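Here the sequence shown is numbered in numbering that gives the first Met the number 0, starting from 0 and rising by one per residue. A virtual CB, placed ideally from N, CA and C, is assigned to each residue, including glycine. Keep in mind it's a predicted model, so treat the numbers as computed, not measured.
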Amino acid sequence: MPISMDKIVFNPAVSKFAGTVFSLSGLEDAVSQLDVEDAAANAASPIGGIMGRTFAVPDAEFGGNGDDIAEFAGRQCYNSFEKGRDSTAYHLNIKEQRHGSIYEHVSLCFLISGVSRSLTHELLRHRVGVAYSQESQRYVDAKNIRFVLPPLLAYHLEGMTPEELEADPELTIFRRSCNNSLREYVALQEQFVARLRAMQAAGAKENAIVSLKKRANEAARSLLPNAAETRLIFTANLRSLRHILSIRGAEPADLEIRRLAPVILESARSHAPQFFSDFVAMVGEDGISSIMAEKGNF
Numbered sequence: 000m001p002i003s004m005d006k007i008v009f010n011p012a013v014s015k016f017a018g019t020v021f022s023l024s025g026l027e028d029a030v031s032q033l034d035v036e037d038a039a040a041n042a043a044s045p046i047g048g049i050m051g052r053t054f055a056v057p058d059a060e061f062g063g064n065g066d067d068i069a070e071f072a073g074r075q076c077y078n079s080f081e082k083g084r085d086s087t088a089y090h091l092n093i094k095e096q097r098h099g100s101i102y103e104h105v106s107l108c109f110l111i112s113g114v115s116r117s118l119t120h121e122l123l124r125h126r127v128g129v130a131y132s133q134e135s136q137r138y139v140d141a142k143n144i145r146f147v148l149p150p151l152l153a154y155h156l157e158g159m160t161p162e163e164l165e166a167d168p169e170l171t172i173f174r175r176s177c178n179n180s181l182r183e184y185v186a187l188q189e190q191f192v193a194r195l196r197a198m199q200a201a202g203a204k205e206n207a208i209v210s211l212k213k214r215a216n217e218a219a220r221s222l223l224p225n226a227a228e229t230r231l232i233f234t235a236n237l238r239s240l241r242h243i244l245s246i247r248g249a250e251p252a253d254l255e256i257r258r259l260a261p262v263i264l265e266s267a268r269s270h271a272p273q274f275f276s277d278f279v280a281m282v283g284e285d286g287i288s289s290i291m292a293e294k295g296n297f
């Protein structure tokens with residue numbers, strides 16, 4: 000019997016919920032420490048532009064965006080607060096010169112859902128400048144889990160009516176397989192719980208039978224497929240994020256993580272629009288969208 004359609008996930012979801020910003024009082028202290036107060040008071044100077052954009056909201060405690068934080072760090076290197084390129088030209092030059100280290104000062108945090116554990120095995124290979132906190136299959140009962148539709152199948156199903164979806168043979172195979180896996184997961188989980196409770200009743204000790212449900216979950220999860228949905232918190236600095244999106248959003252990448260890359264990109268753009276300005280959407284030879292950074296990685 001196929002699993003119900005409400006258990007099938009067609010697309011990932013991404014929420015950017017945190018990002019590096021200026022402490023406004025701290026920025027004022029830094030300007031004083033660098034002895035550039037006069038330049039900061041001049042709206043036409045580079046540092047004056049940063050201050051104007053950052054203090055645009057009255058009475059705020061924090062402000063600014065990733066572009067301005069990176070620019071502040073870069074201008075500190077050369078003491079170029081009083082004169083120089085405007086912000087747009089500055090970031091373009093940084094990309095062309097490939098001086099990407101200043102973007103490591105800015106990090107973004109995302110909640111990602113609607114992705115499979117197959118995808119996260121790909122994503123978690125990236126270790127530099129990133130952090131992950133993924134939903135546990137040991138502590139979280141998977142009885143109500145959803146399953147992520149592979150993009151190749153999802154694209155095939157685009158535009159179908161509910162009746163056509165129900166009748167599609169490829170989707171039926173996928174739904175039936177997911178249902179079988181979930182049914183066997185629940186059955187094995189219940190068997191393990193019953194056995195562990197019997198062991199406990201007989202006086203067996205495993206640190207006082209640590210957590211019957213956790214042990215049952217960790218054993219039964221072996222039956223769940225790669226398509227099982229997971230959720231995670233993903234944090235990356237801008238430089239590392241650029242590298243990940245460039246590789247995972249490109250045409251040769253696995254289709255599911257390639258589908259995720261532009262969703263992350265769109266969520267991230269608002270915090271560093273200059274940094275991400277050279278990313279463009281493309282359609283690969285396979286007819287599926289991909290993204291590319293025209294200035295490459297740095």
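CA-to-CA, the gap between Ser24 and Glu70 works out to about 18 Å. Each of His90, Leu110, Leu107 was checked against the Cα of Ile101, and the nearest Cα belongs to His90. Contact annotation: Pro272 and Asp66 have beta-carbon atoms nearer than 9 Å.
Ile111: member of the beta strand (DSSP E) spanning 106 to 115, first to last residue.
Secondary-structure assignment with DSSP links Thr234 through a beta bridge to Cys108, Ala130. Cβ neighbours of Val282 within its own chain (closer than 7 Å, five residues either side excluded): Ser288. Taking the CA atoms as reference points, Ile243 sits about 45 Å from Arg194. Inter-residue distance for Arg220 and Asn143 is about 13 Å (C-alpha atoms, whole angstroms). Following the DSSP letters along the chain, one finds Met50 inside the alpha helix (DSSP H) bounded by residues 45 to 53. Three or more Cβ pairs closer than 8 Å define a contact, and the stretch 226 to 241 meets that threshold against the stretch 102 to 109. Nearest to Phe297 by alpha-carbon distance, out of Gly83, Ala42, Lys94, is Lys94. For Ile290, the enclosing beta strand (DSSP E) starts and ends at 288 to 292.
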